[in-house]
Ligand SMILES: [Zn+2]
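Numbering (the working numbering), first residue to last: 4 to 97.
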């Protein structure tokens, strides 16, 4: 069961709240960290995943700055599509 890291998932202020993975079935998942991390001080071994999310989650709060962000599983896919059309000719996963 291989998992591919697609992107980090950050709040508006750039704190890493989780990471986006694509599982073996091609489903995008959000691995939500218990504590958001400041990328500059990131020690990956200290990151604890609180939940693995496949569906929509409204207003996930950044534990550092308290801004909220909504996870929509299609968001990364849409961005990837736009990048593929606009910037790079690449393979669209899935
Ligand atoms: Zn934040």
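Where is the CB? At the ideal position from N, CA and C, for every residue including glycine. A quick note: this is a predicted structure, and the numbers were derived from the prediction, not measured.
Alpha carbon of residue i to alpha carbon of residue j, nearest angstrom
i, j, result
"residue 97", "residue 8", "Annotation note: pLDDT 49 at residue 97 (below 50); position unreliable, no value reported."
"residue 86", "residue 11", "16 Å"
"residue 56", "residue 36", "11 Å"
"residue 67", "residue 14", "10 Å"
"residue 49", "residue 19", "13 Å"
"residue 54", "residue 69", "18 Å"
Beta-carbon contacts of residue i that lie in its chain and below 7 Å, excluding the five residues immediately before and after
i, result
"residue 24", "6, 7, 8, 9, 32, 34"
"residue 61", "73"
"residue 40", "18, 19, 50"
For residue i, the nearest candidate out of the options (CA to CA)
i, options, result
"residue 73", "53, 86, 58, 37", "58"
"residue 26", "50, 76, 82", "76"
Cβ separation of residue i and residue j, assumed to be a contact under 8 Å, to the nearest whole Å
i, j, result
"residue 42", "residue 21", "The Cβ separation is near 13 Å, so there is no contact."
Other residues of its chain near residue i: CB distance less than 6 Å, five sequence neighbours each side excluded
i, result
"residue 64", "71"
"residue 4", "Here residue 4 scores only 46 on pLDDT, less than 50, and its place in the model should not be relied on; the value that follows carries that caveat. Cβ within range, chain order: 27."
Contacting residues, own chain, Cβ-Cβ under 8 Å from residue i (five flanking each side not counted)
i, result
"residue 51", "36, 37, 38"
Residue i - containing beta strand (DSSP E), residue span
i, result
"residue 22", "18-25"
"residue 11", "7-13"
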